[in-house]
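Engineer: Structure in structure tokens, see below.
This is the structure in structure tokens:
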């Protein structure tokens, strides 16, 4: 996406340096570090979602332009590949096995970027 290295470092630090403590009988007991993912109610979550959703959107559009999958018949003229919602994505294609494999390959590639 071309984000500056310093920006990426800031995001990684915000996500990876979170420490947690458990409240047992109203007193905090011990600390442990975040092992994976983003903590609940993290103020960065909406921004990270938008950035990653934009990456996925560009990947799907490029895959369609590269003929890795074919547009749905009614979406071809406007080159519509998908709709994104809060936690869902609806991908439009022609439904052939080749197109389904192309979309699946693109989703796998996206997932491998961030795991």
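Residue numbers (mature numbering (1 follows the signal peptide of the UniProt record, and there is no 0)): -18 to -1, 1 to 97.
Yeah, the Cβ is synthetic: ideal placement off N, Cα and C, and Gly gets one too.
If you draw a straight line from the C-alpha of residue 37 to the C-alpha of residue 9, how long is it?
Structural biologist: For the purposes of this step, residue 37 is taken as residue 55 along the chain shown, with counting starting at 1. For the purposes of this step, residue 9 is taken as residue 27 along the chain shown, with counting starting at 1. Distance between the alpha carbons of residue 37 and residue 9 is about 43 Å.
Engineer: Would you mind stating whether residue -11 and residue 30 have Cβ atoms separated by less than 9 Å?
Structural biologist: What you label residue -11 is simply residue 8 of the chain shown in a count that begins at 1. What you label residue 30 is simply residue 48 of the chain shown in a count that begins at 1. For residue -11 and residue 30, no; Cβs fall outside 9 Å.
Engineer: For residue 39, which beta-bridge partners are listed by DSSP?
Structural biologist: Reading the chain shown from its first residue, position 57 is the one you call residue 39. The partner list for residue 39 (beta bridge, DSSP) is empty, contrary to what the question assumes.
Engineer: Applying the criterion that 16 or more other CB atoms from any shown protein chain within 10 Å of the CB defines a buried residue, is residue 55 buried or exposed?
Structural biologist: Looking up residue 55 in the chain shown gives position 73. That one is exposed.
Engineer: Could you give the distance in angstroms between the alpha-carbon of residue 59 and the alpha-carbon of residue 52?
Structural biologist: On the chain shown, residue 59 is found 77 positions in, with the first residue counted as 1. On the chain shown, residue 52 is found 70 positions in, with the first residue counted as 1. Cα to Cα, residue 59 sits roughly 12 Å from residue 52.
Engineer: Whole angstroms is fine: what's the gap from residue 89's alpha carbon to residue 25's?
Structural biologist: By 1-based counting over the chain shown, the position of residue 89 is 107. By 1-based counting over the chain shown, the position of residue 25 is 43. If I take the Cα positions, the gap works out to 26 Å.
Engineer: Where residue 67 and residue 81 are concerned, what is the direct C-alpha to C-alpha distance, given to the nearest angstrom?
Structural biologist: Counting from 1 along the chain shown, the entry for residue 67 is found at position 85. Counting from 1 along the chain shown, the entry for residue 81 is found at position 99. Distance between the alpha carbons of residue 67 and residue 81 is about 22 Å.
Engineer: So what does DSSP say about residue -6, is it helix, strand or coil?
Structural biologist: By one-based count along the chain shown, residue -6 stands at place 13. Looking at residue -6 - three-state DSSP - the assignment turns out to be helix.
Engineer: If we count the other Cβ atoms within 10 Å of its Cβ and call it buried at 16 or more, is residue 84 buried or exposed?
Structural biologist: Translated into the one-based positions of the chain shown, residue 84 becomes position 102. It is buried - the Cβ of residue 84 has at least 16 other Cβ atoms within 10 Å.
Engineer: Helix, strand or coil, according to DSSP, for residue 69 in the structure here?
Structural biologist: The sequence position of residue 69 within the chain shown is 87, counting from 1. DSSP places residue 69 in coil when its eight states are reduced to three.
Engineer: Considering only residues of the same chain and omitting the five flanking positions on each side of residue 92, which have a CB-CB separation below 8 Å?
Structural biologist: As a first step, residue 92 must be located in the chain shown, where it is residue number 110. Only 37, 38 and 41 meet the Cβ criterion.
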